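Notes follow once the structure below has been shown.
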Amino acid sequence: MATTPDFETYCQQLFDYKSASGKPEALKGYRVLSCTQYILGPSCASYLAELGAEVIKIEAPRRGEPMRHTTPFNEPLLYPLSRWVPEAGTGLGFFGANPNEEFVSLDFHRPEARQAMLELAAKSDVMVQNYRPGTFDRWGIGYQHFSKVNPRLIYQWLGGFGGWGPGRVRASYDILGQAMGGAFGITGEAADRGGTPAKHTIWLADYWGGMMAAVTILAALYWRDTVSGEGTFIEYSQVHGVTRMLESALPLYGRYGIRRERWGNWDTELSVHGIIQCGKSSYPGSPNPQEAEVGYILVTAHTDEDFKKLCDVIGRKDLAATYAKHDDRVKAENQSILYPALETWAKDKTKEDVATLLDKAGINNQPVWNAKEVSENPHWKMRGATQWIDDPSFGDLHHQGSAFKLSDTPPRIKWAFKPVGADNEKVYGRLLGWSKSKLAKMEEAEVI
Amino acid sequence: MINQGLVLTCAKCSTKNFLDPYPFWNFSGNTKCASCDAIYAVKFAKGQLLSGPTAGSGKADLLPGYAEDKSGAGVTGEGKIRPAPQSRPDPFTGQQKQVTKSLRGKPLSGSRLKKEDLVGSRARFIVDLHKT
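Residue numbers (my numbering), protein chains in the order written: chain S, 2 to 449; chain G, 56 to 187.
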């Protein structure tokens with residue numbers, strides 16, 4: 002048997018993100034038009050761009066899509082917003098859902114723009130848009146129009162509530178999707194600890210929805226390229242996507258009429274398997290008020306053996322005896338005794354102190370990390386989960402790397418995004434054959 | 056037939072006022088020319104212009120998102136165009152945070168630019184950086 006490298010060495014050699022640029026890209030050759038805004042639609046197109054598809058993002062002239070104008074609090078913007086508005090910038094809310102794309106501007110309302118859209122669609126494989134239902138059909142650039150000029154086109158529409166049904170014509174947002182889809186019925190504090198629902202601030206429903214749509218597009222491309230030769234119209238409802246994640250909540254309701262309740266940072270199925278507060282800051286004396294706050298840590302010791310070890314560590318052998326069986330530990334009233342006992346023990350410790358003691362006892366745990374701690378972790382740096390990129394438009398940017406890992410066709414982050422209309426000349430010139438004078442005329446006529 | 060209204064060209068001074076589709080999506084009321092302050096009444100529904108722009112009077116309910124005068128120069132400033140939402144000033148300095156370097160000390164385009172600072176759509180200093 003030939004000698005093979007051990008698994009770690011093998012993976013490291015195959016997946017080293019710094020050598021990705023020398024390898025082919027899985028989706029190279031597919032062209033995607035992205036008329037998307039906020040996160041739901043853009044993230045769908047960006048996953049395809051990370052995998053090598055040529056994604057052309059089409060935005061309103063001058064100011065672009067609204068996500069460019071959101072940024073957390075007063076944090077810095079990236080300049081310029083566009084060559085026409087150099088004194089304004091793009092907010093950091095735009096990060097993460099638009100890498101590797103080409104950026105053109107177009108006023109969809111204009112008849113000349115409609116013609117340009119039809120010509121672009123004729124030369125593309127995929128179209129993604131997430132305007133309100135029927136808007137693009139009203140503007141003459143819906144699937145029914147595009148499929149006439151390109152019957153092979155895959156057209157993905159994403160929206161809040163689907164394209165038909167009495168509740169379709171409303172604006173949706175990630176938080177609305179989570180509220181209506183049922184997520185907030187489950188996530189948040191238990192009734193006796195305040196009962197407040199908790200939203201995922203990282204726009205989980207949007208990023209998940211974008212991923213669902215990207216997977217559907219790949220399925221449609223497979224069907225087109227290996228079976229039918231025909232395009233597909235795809236609809237995605239953001240709310241439905243949230244409901245799809247409710248796991249046992251619906252079967253539970255259907256069987257017993259019981260609503261699955263919020264249970265905070267503890268777990269309804271395993272105990273101990275939750276997050277506890279540690280009483281001391283990890284950064285004592287730091288002038289940064291953010292670092293003065295106390296820490297949190299996930300502790301998981303739900304097997305009888307691990308639970309006994311945990312009780313030894315915290316000096317509560319009585320709990321090990323009383324709650325030796327998991328069926329007893331997992332009961333709601335008993336969790337309300339166990340977790341406070343853990344927090345009492347952790348009151349004079351940092352999350353790192355707790356981790357050290359639990360590691361020593363062989364108990365699985367994980368301090369709850371913030372962006373700084375994630376950024377500085379050597380494991381995730383080595384794997385490219387966090388990386389610095391030399392962005393051609395904006396300079397030195399810290400960025401999340403692609404989570405896809407393919408040995409022969411690795412994804413890569415080439416740039417974070419570009420100013421509005423940065424690729425007008427390149428895209429309209431190369432794909433539609435517009436001359437310099439036509440570009441100038443279209444700009445003068447306020448079409449681009 | 057689509058009645059587009061994204062760009063309102065002022066009848067008095069020929070300034071092009073860009074009415075963003077998002078805030079103006081279902082807007083009904085007064086806006087104004089960023090250059091000469093002429094008031095216009097407009098009515099949009101689901102992103103389409105239903106009526107206007109009609110010369111009016113009174114105060115503007117919503118400002119254009121961006122404007123260019125006859126020469127193509129951007130018209131900006133307080134009370135002229137609507138600032139980009141949520142790019143709030145720092146509560147202590149009254150200014151947005153401007154940075155020229157990243158956390159690790161390398162050049163970053165995080166400060167306001169002027170037209171002459173640009174090469175195409177990129178900041179000149181970033182272009183020069185990549186030349187070296």
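Backbone N, C-alpha and C define an ideal beta-carbon position, used for all residues, glycine too. None of the values given here were measured: they were computed from a predicted structure.
Considering just the uninterrupted stretch of the alpha helix (DSSP H) at residue i, what are its terminal residues?
i        : result
Met2/S   : Element bounds for Met2/S: n/a, residue is neither H nor E.
Gln179/S : Asp175 to Gly182
Thr217/S : Leu205 to Trp224
Ile5/G   : Outside the modelled stretch of chain G, which goes from 56 to 187, sits residue 5/G, for which no answer is possible.
Phe82/G  : Careful: Phe82/G lies outside any alpha helix (DSSP H) and carries neither H nor E.
His400/S : Per DSSP, His400/S belongs to no alpha helix (DSSP H); it is in the beta strand (DSSP E), Gly396 to Gln401.
Ile315/S : Asp305 to Ile315
Considering residue i, what are the terminal residues of the beta strand (DSSP E) in which it resides?
i        : result
Cys68/G  : Per DSSP, Cys68/G belongs to no beta strand (DSSP E) and is neither H nor E.
Phe459/S : Look at the range of chain S in this structure, 2 to 449, and you will see that residue 459/S is not part of it.
Ile94/G  : Ile94 to Ala100
Val154/G : Val154 to Lys156
Asp391/S : Thr387 to Asp392
Asn365/S : Asn365 to Pro368
Ile155/S : Ile155 to Gly160
Ile57/S  : Glu55 to Glu60
Ala191/S : No beta strand (DSSP E) contains Ala191/S, which DSSP labels as neither H nor E.
Leu105/G : Gln103 to Ala110
Ala122/G : Tyr121 to Glu123
Arg32/S  : Arg32 to Cys36
Quick one: is residue i buried, meaning 16 or more other Cβ sit within 10 Å of its Cβ, or exposed?
i        : result
Arg177/G : buried
Gly132/G : exposed
Thr91/S  : buried
Val174/G : exposed
Glu334/S : exposed
Leu105/G : exposed
Met56/G  : Here Met56/G scores only 47 on pLDDT, less than 50, and its place in the model is too uncertain to base an answer on.
Glu377/S : exposed
Met383/S : exposed
Trp85/S  : buried
Tyr206/G : In the structure displayed, chain G extends from 56 to 187; residue 206/G sits before or after that span and is not available.
Phe95/S  : buried
Ile181/G : buried
His185/G : exposed
Ser20/S  : exposed
Ala66/G  : exposed
Glu26/S  : buried
His380/S : exposed
Since residue i and residue j are thought to touch, with beta carbons under 8 Å apart, how far apart are those beta carbons, to the nearest angstrom?
i        : j        : result
Leu61/G  : Pro108/G : Incorrect: roughly 12 Å between the Cβ atoms, too far for contact.
Glu88/S  : Leu168/G : 7 Å
Gln116/S : Ile235/S : Not confirmed; about 25 Å, so no contact.
Phe16/S  : Ser408/S : 7 Å
Tyr237/S : Leu159/S : 4 Å
Ile315/S : Trp346/S : 4 Å
Pro119/G : Asn72/G  : 4 Å
Val105/S : Val428/S : 5 Å
Glu51/S  : Pro412/S : 4 Å
Name, please, each residue of chain G whose Cβ falls closer than 8 Å to the Cβ of residue i.
i        : result
Gly422/S : Ser176
Tyr174/S : Near Tyr174/S there are no residues of chain G at all, since even the closest Cβ is about 13 Å away, more than 8 Å.
Tyr80/S  : Ser164, Gly165, Ser166, Arg167, Leu168 and Ala178
Ser436/S : Near Ser436/S there are no residues of chain G at all, since even the closest Cβ is about 18 Å away, more than 8 Å.
Name the chain G residues whose beta carbon is nearer than 7 Å to that of residue i?
i        : result
Pro87/S  : Leu168, Lys169, Lys170, Asp172 and Leu173
Glu447/S : Val62 and Lys71
Could you list which residues in chain S have their beta carbon closer than 9 Å to that of residue i, in chain order?
i        : result
Thr131/G : Val86, Glu88 and Ala89
Tyr95/G  : Simply none; closest approach about 16 Å.
Leu117/G : Neighbours of Leu117/G on chain S: none; closest Cβ ~14 Å, over 9 Å.
Which chain S residues sit within Cβ distance under 8 Å of residue i?
i        : result
Arg179/G : Under the 8 Å cutoff, chain S gives no residues; its nearest Cβ is about 11 Å from Arg179/G.
List, in chain order, every chain G residue whose beta-carbon is nearer than 9 Å to that of residue i.
i        : result
Lys419/S : Ser176 and Arg177
His450/S : Absent from the structure is residue 450/S, since the part of chain S shown begins at 2 and ends at 449.
Thr136/S : Lys101 and Gly102
His399/S : Ser157, Leu158 and Arg159
Check the Cβ of residue i against every Cβ in chain S and list those closer than 7 Å, keeping chain order.
i        : result
Pro76/G  : Ala61
Phe82/G  : Within chain S, no residue comes near Phe82/G; the closest Cβ sits about 14 Å away, beyond 7 Å.
Gly120/G : Arg64
(request) May I ask you to verify whether the stretch 275-289 of chain S touches the stretch 330-348 of chain S, counting CB pairs closer than 8 Å and requiring at least 3? (result) Cβ pair count under 8 Å is three or more, so yes.
(message) With three or more beta-carbon pairs closer than 8 Å as the criterion, would you say the stretch 181-194 of chain S touches the stretch 224-236 of chain S?
(response) A contact between stretches requires three or more CB pairs, one per stretch, nearer than 8 Å, and the stretch 181-194 of chain S fails this requirement with the stretch 224-236 of chain S.
(request) Assess, as a yes-or-no matter, whether the stretch 432-439 of chain S is touched by the stretch 37-56 of chain S under the definition of 3 or more beta carbon pairs within less than 8 Å. (result) Too few Cβ pairs lie closer than 8 Å, so no.
(request) Evaluate the contact criterion for the stretch 351-370 of chain S versus the stretch 282-299 of chain S: three or more CB pairs, one atom per stretch, below 8 Å. (result) The stretch 351-370 of chain S vs the stretch 282-299 of chain S: in contact.
(request) Evaluate the contact criterion for the stretch 109-129 of chain G versus the stretch 152-165 of chain G: three or more CB pairs, one atom per stretch, below 8 Å. (result) Judged by Cβ distances under 8 Å, the stretch 109-129 of chain G makes no contact with the stretch 152-165 of chain G, as fewer than three pairs qualify.
(message) Could you check whether the stretch 137-154 of chain S touches the stretch 118-129 of chain S, counting it as contact only if at least three pairs of C-beta atoms, one from each stretch, sit closer than 8 Å?
(response) The stretch 137-154 of chain S makes contact with the stretch 118-129 of chain S; the number of CB pairs closer than 8 Å reaches 3 or more.
(request) Flag this pair as touching only if the stretch 236-254 of chain S and the stretch 174-187 of chain S have three or more C-beta atom pairs under 8 Å; answer yes or no. (result) These segments touch.
(message) If contact is defined by three or more beta carbon pairs under 8 Å, each pair taking one atom from either stretch, is the stretch 318-326 of chain S in contact with the stretch 255-270 of chain S?
(response) Because the criterion of three Cβ pairs below 8 Å is not met, the stretch 255-270 of chain S and the stretch 318-326 of chain S do not touch.
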